[in-house]
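J.:
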Amino acid sequence: MTSSDQPRRPRMRPRTVLRMIALYAILLILLLPAGFVFFWMVSSSLKQGVDIYTMPPKWLSFEPTLDNYERAFERTPFLRYAFNSAFIATASSLLGLAIGLPAAYTIARYNQKRLAVSLLTARLLPAVAFLVPFFILFTQVGLVGSYPALILAHLLVTFPLTVFIMVNFFEAVPSELYEAGEVDGAGKIGVFFRIALPLTKTGMVTSGILAFIFSWNDFKMALVLSNAETRTLPVAVYNFVHEASLEWGPMMAYATVITVPIIVLTLLAQKHIVTGMTMGSIK
Amino acid sequence: MSAPHTRPTQTPPERPTRGKRGTRRGGGFSWFTERYDRFVLPAPAFLLVVLLLVFPVAFTLYMSLHSWNGGLRPPEFVGLDNFARTLEDARFWGGVLRTGYFVGLAVGMQVVLGVAAALVFHRKFVGRGAARAFFLFPMIATPAAIALVWKMMFDPTLGVLSYLSQAVGGPPITWTSDPNLVIPALAMIDTWQWTPLVMLIVLAGLAALPHEPYEAARIDGAGELRVLFSITLPLLRPVVLTAAMFRLIDCIKTFDTIMIITAGGPGHSSEILNLYAFNQNLSFLNFGYGSALLVWLTLLVFGVAILLTIARRKGATSS
Amino acid sequence: MRKATAPSRVIAVAGALAVLAAGCSQNGTGGPSVDVTGDFDWKRFDGTALSVYIPDTGQAEVLNSRLSEFEDLTGIEVEIETADVTSYRQNLPVRLTARADDFDVMATFPEVDGPQFSANGWYVPLDQYIEHESVTAPDYDIDDFGEGVRNAMTVDDETVTVLWEMQTDLVYYRKDLLREAGLDVPETFEEWEAAAAQIHDPSADMYGFALRGIPYQTTTPYSSFLYAHCGAWVEDGQAAINSPEAVDAYETYGRWGSEYGPPGITGFDWPVPSQQFAQGKVFAFLDVNLFVGDLEDPAESTVAGDIGYAPVPAGECGRAPFIGGWGYAINPFAQQADAAWYFIQWATSAEINLEMKLDGWPSPRTSAWDSEEFQANDPTPEFTEVVIESTELANAQMNPPVAPGVQAREIAGYVIHRSLEGLSRSELQEIADQQAEELQELIDAAP
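Residue numbers (the working numbering), protein chains in the order written: chain A, 3 to 285; chain B, 43 to 361; chain C, 24 to 470.
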């Protein structure tokens with residue numbers, strides 16, 4: 003992202019200063035919607051029930067309280083759900099890598115268009131079409147509600163993404179390197195393990211992180227396929243929807259807690275996310 | 043690492059010479075894997091796809107030809123009856139139209155805003171990295187959680203958006219309860235979430251633009267706007283098309299946000315085809331009819347994907 | 024890669040057929056039946072592990088807090104899995120479709136689920152347990168559930184569930200506003216409308232009457248309009264949601280909502296009318312009896328202490344409240360059906376009901392309402408009186424008795440929802456005719 007050399011190098015003239023101000027003003031407008039939604043989520047999570055409903059809203063002048071967090075964690079086994087989310091996301095992204103890497107490699111190396119297309123169908127099919135059949139299938143084999151069932155279902159998300167991203171990385175390796183490896187007697191499988199993989203570590207980190215995020219975020223699969231033991235965080239928020247009331251406070255507390263790890267991850271690994279999202283799409 | 047906006051044009055690798063003596067090592071198995079590495083390596087991936095896709099696809103196709111409500115009685119074969127009924131179903135056609143409206147509006151806004159944002163982020167300025175990270179949040183924040191925040195902001199009782207609008211003299215904003223405004227409201231939320239993706243793709247495209255046309259423009263003394271409209275945007279066309287294609291495909295399949303915020307309401311005003319299929323299957327237990335809807339939905343997604351791929355190819359060869 | 028598609032197609036079809044065939048082979052309808060003799064003994068199923076899958080309508084807290092008592096009493100080990108109501112409604116049928124046997128106790132709302140569940144063979148008749156002295160405690164006393172409640176637990180003359188709650192509907196109103204307006208508590212639809220019209224003042228952010236607006240949720244409050252206007256959902260196997268009486272009821276519902284309702288009423292979810300009422304924005308609303316706790320809690324509501332309770336308005340055919348509710352049932356594919364009944368009878372026993380009642384819960388057992396402990400501590404006797412009166416009266420069905428319940432609910436609810444736009448009678452009639460046709464299709468499709 004560094005090659006943004008403009009044909010003209012701006013010098014600091016009054017006009018330039020004005021333009022910088024305009025730029026930051028536009029930037030502010032671009033960032034405001036995201037900022038506002040997150041501000042509203044976090045501030046609501048810190049409000050008492052009555053303050054949540056007060057109009058005009060108390061922007062910052064409310065008495066902050068952690069009651070909602072306390073209630074959220076008391077009423078539900080939060081740690082268990084957090085573990086489930088993290089475990090399922092980790093396992094499905096690692097498995098996605100293990101299975102996706104060799105396929106991405108041969109697609110890149112041998113230009114296997116047809117294989118690429120057949121794997122791509124997994125990305126095109128609407129997820130709704132999987133819910134009922136997966137449930138029936140997993141019930142019949144006695145896996146329903148289990149971690150393996152959820153991890154397999156989440157592979158639908160993580161696996162195509164991994165392949166998409168990794169094909170780019172394997173293609174970026176000059177083919178001379180692969181060929182040299184073969185000539186040196188590494189063998190074809192050896193080339194994959196000893197040359198292709200070490201050269202694409204960045205790619206693995208990138209696709210791993212993104213696969214993790216999208217699995218962590220997934221709602222539909224866990225909504226239908228998980229049970230009390232394996233429920234993930236995005237589904238657990240709905241524990242606070244009752245027949246006679248919506249508990250907005252604890253829901254916002256949950257929403258905040260679910261989102262924060264992802265935001266931290268973005269800040270730490272911005273570069274990977276930028277590359278990954280770009281590559282994951284372009285193909 | 044800069045993301046390429048198109049694949050590096052690479053001469054297709056030479057067909058590897060099969061079973062070359064030099065690479066043949068050891069006994070039978072490794073000879074096999076060496077010779078057929080192109081099939082052996084992706085085999086797990088292929089098996090996974092078969093494992094995950096075959097049953098759901100077969101189930102959906104099978105059910106679409108049957109009538110079944112999940113009870114103890116076996117499904118009853120009805121031929122193409124389910125498909126015939128969809129054609130007379132006003133709710134189905136409504137769903138198709140709403141899908142088009144929602145997707146058109148959402149992707150349209152995302153593309154315009156995404157290109158604009160990319161032009162901003164393409165400039166160098168202090169704090170660009172942090173601002174860009176911040177801009178990406180909506181795309182990676184958990185949709186199910188964020189949808190709840192939107193639901194709360196649009197709530198008729200405690201909706202802050204309505205308050206803000208009234209504070210500046212506008213009407214109360216109860217868009218998600220208004221049959222005429224619910225789709226634009228949902229499209230706006232989708233735009234909030236996915237503009238960053240379009241921005242990223244276009245940003246990568248901008249980084250990879252050739253320098254020559256700009257040099258020529260500088261010599262001609264063309265103004266900045268002129269450069270933007272007659273050089274930058276035309277050059278970006280393939281990239282924008284790519285971004286639009288990915289958004290279109292995913293946008294048709296939007297589920298979490300709409301399900302959580304309106305569940306298709308008020309009335310059926312925001313029930314896009316995907317939600318209607320979900321309702322027929324999971325709320326009404328009409329697995330036969332619901333599967334027929336899923337078949338249509340899948341055909342729609344594939345149709346759009348194929349059309350756009352063709353458009354992209356044409357664009358690539360003509361430019 | 025092309026070659027692989029042929030075998031995969033074979034695998035696919037084979038897989039699908041195998042699963043469906045496996046399902047069809049276990050065709051013994053009616054589910055498990057009781058096969059025990061001897062005196063009743065709480066320890067009969069000592070050592071059994073039981074799994075319970077229910078929605079949390081607010082009852083789960085008490086249930087969980089007392090669960091160890093049940094485990095000590097019976098030696099049965101229980102695991103409770105709860106879900107929110109909306110996802111429960113979606114997930115339970117999928118689980119039953121897949122013939123899942125990993126839970127023994129389930130929950131059902133017979134007014135909504137009844138026709139479909141019984142057509143699908145998803146109910147285990149409970150009478151065989153209730154009437155069986157070997158498996159039902161002598162002090163269980165099923166007659167403690169009033170007649171209206173017993174009806175609500177029955178589908179096709181068979182008891183399919185025991186309710187843990189008793190929902191009925193009533194009008195919540197602001198006593199202070201009514202007093203200021205110098206009015207008596209209204210009785211009829213005309214009187215309520217006149218009061219709402221008088222107090223309605225949008226410029227002061229005060230609206231006359233709030234109702235639900237989302238189609239599939241409107242049938243609940245609308246049922247008390249429909250039956251009081253002498254209408255019904257279905258008459259003699261014919262969809263009647265387009266009858267002149269039904270259209271009268273749409274007109275009233277729609278006029279109240281469109282002329283005296285708060286903005287955005289067409290999109291009101293079930294909790295919204297009560298929230299708006301709690302914010303002091305609405306004079307009155309008609310809904311189920313589950314909101315009283317929050318509304319009388321000063322931390323949640325600005326109108327606590329000013330609330331009056333009245334039975335649903337009277338029309339040409341009198342007042343028409345309904346009774347319904349969630350209840351426990353046995354999974355037809357359960358592995359531990361008998362032990363499941365033990366859990367159900369304990370969770371619906373007089374003792375647990377009393378504790379729930381004292382916790383503010385609308386218990387379905389008469390003894391809980393009549394108990395001294397409750398009567399001495401009742402924070403809202405007026406509410407209690409109205410609820411008891413309503414449940415004795417209950418004559419409305421809150422949901423069209425057609426399978427699938429959720430779809431029937433949505434079809435009928437659509438007209439109600441549209442009425443809130445303030446449509447004319449002929450427009451309403453036209454929409455009602457369309458929807459009646461759709462409802463009729465469902466009725467005719469039923470086996």
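Ideal placement from N, C-alpha and C gives every residue a C-beta, glycine not left out.
Going along the segment 315 to 331 of chain B in order, which residues come within less than 8 angstroms of chain A, judged by CB to CB distance?
T.: N316, A319, F320, N323, L324 and F329
J.: For C:G347, is the classification buried or exposed, using 16 other Cβ atoms within 10 angstroms of its Cβ as the cut-off for buried?
T.: Here the question's residue 347 of chain C lines up with position 324 in the third sequence. Under this definition C:G347 is a buried residue.
J.: Relative to the C-alpha of C:A333, which residue among C:S390, C:S226, C:E412 and C:A431 is closest?
T.: One-based indexing of the third sequence puts residue 333 of chain C at position 310. Of the listed residues, the one whose Cα sits closest to C:A333 is C:E412.
J.: Please decide whether B:T184 counts as near chain A, where near means a Cβ-Cβ distance under 8 angstroms.
T.: Here residue 184 of chain B is taken as the residue at index 142 of the second sequence, counted from 1. Chain A, which has a Cβ nearer than 8 angstroms to the Cβ of B:T184, makes this yes.
J.: For a contact defined as C-beta to C-beta under 7 angstroms, what are the partners of C:P238 on chain B?
T.: By one-based count along the third sequence, residue 238 of chain C stands at place 215. Those within 7 angstroms of C:P238 in chain B are G307 and G309.
J.: Of the residues A:Y240, A:S209 and A:L99, which one's Cα is nearest the Cα of A:T78?
T.: Position 76 of the first sequence, counted from the first residue, corresponds to residue 78 of chain A. Comparing Cα-Cα distances from A:T78 to each of A:Y240, A:S209 and A:L99, the minimum goes to A:Y240.
J.: Determine contact between the segment 226 to 238 of chain C and the segment 335 to 354 of chain C, defined as no fewer than three beta-carbon pairs at a distance below 8 angstroms.
T.: no
J.: At a Cβ cut of 8 angstroms, what residues of the segment 111 to 122 of chain C count as close to chain A, listed as they run along the chain?
T.: Q113, N114, V117, R118, T120, A121 and R122
J.: Between the segment 248 to 255 of chain A and the segment 172 to 181 of chain A, can you find at least three pairs of beta-carbon atoms closer than 8 angstroms?
T.: no
J.: List in chain order: all unbroken alpha helix (DSSP H) runs of 4+ residues lying wholly within the segment 51 to 127 of chain C.
T.: 83 to 97 and 108 to 120
J.: The segment 316 to 327 of chain C: which residues have C-beta closer than 7 angstroms to a C-beta of chain A, in chain order?
T.: D317, A322 and E323
J.: Tell me whether C:M379 counts as near the ligand GTP, meaning its Cβ is closer than 7 angstroms to at least one heavy atom of that ligand.
T.: In the structure on display, the ligand GTP does not appear, and there are no ligands present to speak of.
J.: Would DSSP call C:L193 helix, strand or coil?
T.: Counting from 1 along the third sequence, the entry for residue 193 of chain C is found at position 170. DSSP places C:L193 in strand when its eight states are reduced to three.
J.: Quick check on the burial criterion: 16 or more other C-beta atoms within 10 angstroms. Buried or exposed for B:G113?
T.: Against the second sequence, residue 113 of chain B aligns to sequence position 71. Buried, because 16 or more other Cβ atoms sit within 10 Å of the Cβ of B:G113.
J.: Within 8 angstroms of any Cβ in chain A, is that where the Cβ of B:M151 sits?
T.: In the second sequence, residue 151 of chain B corresponds to position 109, counting from 1. For B:M151, the answer is no, since every Cβ of chain A falls outside 8 angstroms of its Cβ.
J.: I'd like the list of long-range same chain contacts for B:F88, defined as Cβ closer than 8 angstroms, with 5 residues on each side in sequence excluded.
T.: Along the second sequence, one-based indexing puts residue 88 of chain B at 46. Result list for B:F88: empty, nothing under 8 angstroms.
J.: B:Y143: which of B:A229, B:Y104, B:L190 and B:V120 sits nearest, CA to CA?
T.: As a working mapping, residue 143 of chain B is identified with position 101 in the second sequence. Comparing Cα positions, the closest option is B:A229.
J.: Rank A:I31, A:I54, A:S45 and A:T18 by C-alpha distance to the C-alpha of B:D197 and give the top, closest one.
T.: Taking the first residue of the second sequence as 1, we reach residue 197 of chain B at position 155. Selected option, being the one with the closest Cα: A:I54.
J.: Taking the alpha-carbon of B:F81 as reference, which of A:V276, A:N219, A:V159 and A:T108 has the nearest alpha-carbon?
T.: Counting from one through the second sequence, the residue named residue 81 of chain B turns up at place 39. When each option's Cα is compared against that of B:F81, the closest is A:T108.
J.: Assuming contact is defined by CB atoms lying nearer than 8 angstroms, are C:I99 and C:T60 in contact in what I supplied?
T.: By one-based count along the third sequence, residue 99 of chain C stands at place 76. By one-based count along the third sequence, residue 60 of chain C stands at place 37. No, Cβ-Cβ distance for C:I99 and C:T60 is not below 8 angstroms.
J.: What do you reckon, are the CB atoms on B:E333 and B:S106 nearer than 8 angstroms?
T.: Position 291 of the second sequence, counted from the first residue, corresponds to residue 333 of chain B. Position 64 of the second sequence, counted from the first residue, corresponds to residue 106 of chain B. For clarity, residue 333 of chain B is Ser in the given sequence; the question names Glu instead. Result yes, Cβ atoms of B:S333 and B:S106 sit closer than 8 angstroms.
J.: Does the distance from the CB of C:V410 to the CB of C:A307 come in under 8 angstroms?
T.: Within the third sequence, residue 410 of chain C is the residue found at index 387, counting from 1. Within the third sequence, residue 307 of chain C is the residue found at index 284, counting from 1. Their beta carbons are not under 8 angstroms apart, which means C:V410 does not touch C:A307 by this criterion.
J.: Indicate whether B:W192 and B:I303 have their beta-carbon atoms separated by less than 8 angstroms.
T.: One-based indexing of the second sequence puts residue 192 of chain B at position 150. One-based indexing of the second sequence puts residue 303 of chain B at position 261. Yes; because the gap between Cβ atoms is below 8 angstroms, this pair is in contact.
J.: Look at the alpha carbon of C:I367 and the alpha carbon of A:F41, and state the distance between them as a whole number of angstroms.
T.: In the third sequence, the residue the question calls residue 367 of chain C occupies position 344. In the first sequence, the residue the question calls residue 41 of chain A occupies position 39. Their Cα atoms are separated by approximately 45 angstroms.
J.: Who are the Cβ neighbours of C:G161 in its own chain at under 7 angstroms, not counting the five residues just before and after it?
T.: On the third sequence, position 138 is the one that residue 161 of chain C refers to. Reading the sequence as shown, one finds Pro at residue 161 of chain C and not Gly. Around C:P161: F63.
J.: Does any residue of chain A bring its CB to less than 8 angstroms from the CB of C:P294?
T.: For the purposes of this step, residue 294 of chain C is taken as residue 271 along the third sequence, with counting starting at 1. Chain A, which has a Cβ nearer than 8 angstroms to the Cβ of C:P294, makes this yes.
J.: With DSSP run on the structure shown, which of helix, strand or coil describes C:T177?
T.: Position 154 of the third sequence holds residue 177 of chain C. C:T177: strand per DSSP, three-state reduction.
J.: Classify C:E210 as buried or exposed, calling it buried when 16 or more other Cβ atoms lie within 10 Å of its own Cβ.
T.: Within the third sequence, residue 210 of chain C is the residue found at index 187, counting from 1. Exposed, because fewer than 16 other Cβ atoms sit within 10 Å of the Cβ of C:E210.
J.: At a CB distance below 8 angstroms, what residues from the segment 146 to 173 of chain A approach chain C? Give them in sequence order.
T.: V146 and G147
J.: Cβ closer than 9 angstroms: which chain F residues qualify as neighbours of B:V343?
T.: Looking at the structure shown, chain F is missing, and the protein chains on hand are A, B and C.
J.: When DSSP labels each residue in this structure, what does C:V257 get in the three-state scheme?
T.: Position 234 of the third sequence, counted from the first residue, corresponds to residue 257 of chain C. C:V257: strand per DSSP, three-state reduction.
J.: So A:N229 contacts chain C; which residues on that side make the cut at Cβ distance below 7 angstroms?
T.: Counting from 1 along the first sequence, the entry for residue 229 of chain A is found at position 227. For A:N229, the chain C residues whose C-beta falls within less than 7 angstroms of its own C-beta are E104, listed in chain order.
J.: Using a Cβ-Cβ distance cut-off of 8 angstroms, determine whether B:G64 contacts chain C.
T.: As a working mapping, residue 64 of chain B is identified with position 22 in the second sequence. Residue placement at B:G64 cannot be trusted, given a pLDDT of 43 that sits under 50; the coordinates are not used to answer.
J.: Between which two residues does the beta strand (DSSP E) holding C:I353 run?
T.: Looking up residue 353 of chain C in the third sequence gives position 330. From DSSP, the beta strand (DSSP E) with C:I353 extends over G350 to I353.
J.: Quick one: does B:W236 have its CB under 8 angstroms from some CB of chain A?
T.: Taking the first residue of the second sequence as position 1, residue 236 of chain B is located at position 194. So no, B:W236 is outside the interface.
J.: Report the option in C:T109, C:L249, C:V183 and C:Y111 whose CA atom is closest to the CA atom of C:A142.
T.: Here residue 142 of chain C refers to the residue found at position 119 when the third sequence is read from its first residue. Looking at the Cα atoms, C:V183 is the closest of the given residues.
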